[in-house]
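Single-structure report; data block below.
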Amino acid sequence: MLSKKTKYGLKALTFIARQEGDVPVQVGEIAKGEQIPQKFLESILLTLRKAGVLGSKKGKHGGYYLRHTPSEINMADVMRVLEGPIAMVPCVSLNFYEKCDDCVDEAQCSVHKLMIQVRDSNLNVFKNTTLEDLSFSK
Numbered sequence: 001m002l003s004k005k006t007k008y009g010l011k012a013l014t015f016i017a018r019q020e021g022d023v024p025v026q027v028g029e030i031a032k033g034e035q036i037p038q039k040f041l042e043s044i045l046l047t048l049r050k051a052g053v054l055g056s057k058k059g060k061h062g063g064y065y066l067r068h069t070p071s072e073i074n075m076a077d078v079m080r081v082l083e084g085p086i087a088m089v090p091c092v093s094l095n096f097y098e099k100c101d102d103c104v105d106e107a108q109c110s111v112h113k114l115m116i117q118v119r120d121s122n123l124n125v126f127k128n129t130t131l132e133d134l135s136f137s138k
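Quick note on the UniProt record's numbering: the sequence shown kicks off at 1 and runs consecutively.
Structure (structure tokens):
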């Protein structure tokens, strides 16, 4: 299940992507526009800034902005920043692999085989969906 952190992060990114020009967007404006609790949103945006997805500018006309064009930001990267591993179990994770304690032989494990298919399907969707797709789809 998608966490609220990830759901709100995706909403915030699409809100920023839809803004005209390259003017930073204030946290309060995003929170109000997307009905997201402002304190929680601040934490999410900070995570995205530290990961290099967003940049920030301080001051009266400050706020957050995208560090790349919406077409360059794929959902696999965003999901990993906000949600962690894309795989449902650690034994099939590409970036966070861990051997399962209860599995004697991964090659013969039916759960392992199924979870590889699930991971690959999800990864395909996330890698091939950009912020532009989410922000400007009709």
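From the three backbone atoms N, C-alpha and C, an ideal C-beta is built for every residue, glycine too. Since this is a predicted model, take the numbers as computed values, not measurements.
Between residue 33 and residue 15, the C-beta spacing is below 9 Å. Under DSSP, residue 65 forms a beta bridge with 55. The stretch 43-56 makes no contact with the stretch 88-104: fewer than 3 CB pairs, one atom from each, lie closer than 8 Å. Spanning the alpha carbons of residue 91 and residue 85 requires a straight line of approximately 11 Å. Residue 23 is bridged by DSSP to nothing; it lacks a bridge partner. Close CB contacts of residue 51 within its chain, under the 6 Å cut and outside five residues either way in sequence, are with 81 (chain order).
Here the C-alpha atom of residue 57 lies approximately 45 Å from the C-alpha atom of residue 112.
Residues of the same chain with a CB within less than 8 Å of the CB of residue 129, apart from the 5 flanking positions on each side, are 74 and 75 in chain order. Around residue 88, the same chain offers 115, 118 and 119 as residues with beta carbons nearer than 8 Å, after the five sequence neighbours per side are excluded. The three-state secondary structure of residue 129, taken from DSSP, is coil. DSSP links residue 74 through a beta bridge to 130. Residue 65 is positioned such that its CB atom lies no closer than 9 Å to that of residue 133.
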